[in-house]
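Q:
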Amino acid sequence: MNQMDCKITPMFPFKVIGFQKAFDNETAYAEIPKFWDEICEKYAYNVYAGKAPANPYEQALMDYCIGEYGVCIDDVGGGKFRYLVAGKYTGGDVPEGMAVYEFPGSDWAVFNCIGPIPEALQRVNTQIFREWLPGNPEYELCGHASVEWYDCINGEKTDPDYHSAIWVPVKRKE
Numbered sequence: 021m022n023q024m025d026c027k028i029t030p031m032f033p034f035k036v037i038g039f040q041k042a043f044d045n046e047t048a049y050a051e052i053p054k055f056w057d058e059i060c061e062k063y064a065y066n067v068y069a070g071k072a073p074a075n076p077y078e079q080a081l082m083d084y085c086i087g088e089y090g091v092c093i094d095d096v097g098g099g100k101f102r103y104l105v106a107g108k109y110t111g112g113d114v115p116e117g118m119a120v121y122e123f124p125g126s127d128w129a130v131f132n133c134i135g136p137i138p139e140a141l142q143r144v145n146t147q148i149f150r151e152w153l154p155g156n157p158e159y160e161l162c163g164h165a166s167v168e169w170y171d172c173i174n175g176e177k178t179d180p181d182y183h184s185a186i187w188v189p190v191k192r193k194e
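Just so you know, my numbering puts the end of the sequence shown at 194, numbered straight through with nothing missing.
Structure (structure tokens):
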């Protein structure tokens, strides 16, 4: 992956809210799409069908645009990490079992992904953590979390030109 695929940009602090589950590093690429399907089946279909939210989880899904982000948080240890199917948290009640995570303001490396997901996103993610970060002379990882951004408005996730992105907090090497 070359430098042209990445844009370094400052971001303000922000919070996300979402449904969370711990995953094993070795099986995450297979298991995380199943988690998305599970969340959609449980909470999204009613809302997407245009019906009023039937519970606090469906209300949160609508209020915070849950599904715009996938958040990987590497703070569990033992070859595991937390993953949130998330949206931008703007305050208010947090339904039981949901989690809020806060990102401090920092510089972020933003990698655009074009193509059907999860394949396109997983390919870019692998390149970031196996090639771009280890070989980068200027930047290193800052913090323990990264964000997958999904375009919730344009196109379907199976389209060959679907747009998503991976955001990784970085800092200049000293």
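Yeah, the Cβ is synthetic: ideal placement off N, Cα and C, and Gly gets one too.
#1: Run through the DSSP bridge pairs and tell me what K54 is partnered with.
#2: What does a CB cutoff of less than 8 Å around A42 pick up in its chain, not counting 5 residues either side in sequence?
#3: Can you give me the C-alpha to C-alpha distance between A171 and C85, rounded to a whole angstrom?
#4: Less than 9 Å between the C-beta atoms of E168 and C92, yes or no?
#5: Can you tell which of C26, Q40, E151, D113 has its C-alpha closest to the C-alpha of N75?
#6: For A129 versus K27, is the C-beta distance shorter than 9 Å?
#7: Under the three-state reduction of DSSP, which class applies to D196: helix, strand or coil?
#8: With a CB to CB cut of under 6 Å and the five nearest residues on each side skipped, what residues in its chain are close to D94?
#9: Just reading off the beta strand (DSSP E) that V190 is part of, what are its end residues?
#10: Could you work out which residue in Y63, G90, Y68, G107 is closest to Y52 when comparing CA atoms only?
#11: Measuring alpha carbon to alpha carbon, tell me which residue in I37, W187, Y65, A64 is nearest L161.
#12: Taking only the alpha-carbon atoms, compute the straight-line gap between L81 and K193 and give it to the nearest angstrom.
#13: Under the three-state reduction of DSSP, which class applies to D113: helix, strand or coil?
A: This is what the structure holds:
#1: Paired residues: none, contrary to the question.
#2: V96, K100, F101, R102, Y103
#3: Looking at the sequence shown, residue 171 is not Ala but Asp. D171 and C85: Cα-Cα distance of roughly 11 Å.
#4: yes
#5: D113
#6: yes
#7: Here the chain comprises residues numbered 21 to 194, so residue 196 is not present and cannot be evaluated.
#8: F101, H164
#9: 183-192
#10: In the sequence as presented, Tyr is not what sits at residue 52; that position holds Ile. Taking only the C-alpha atoms, the option nearest I52 is G90.
#11: W187
#12: 38 Å
#13: coil
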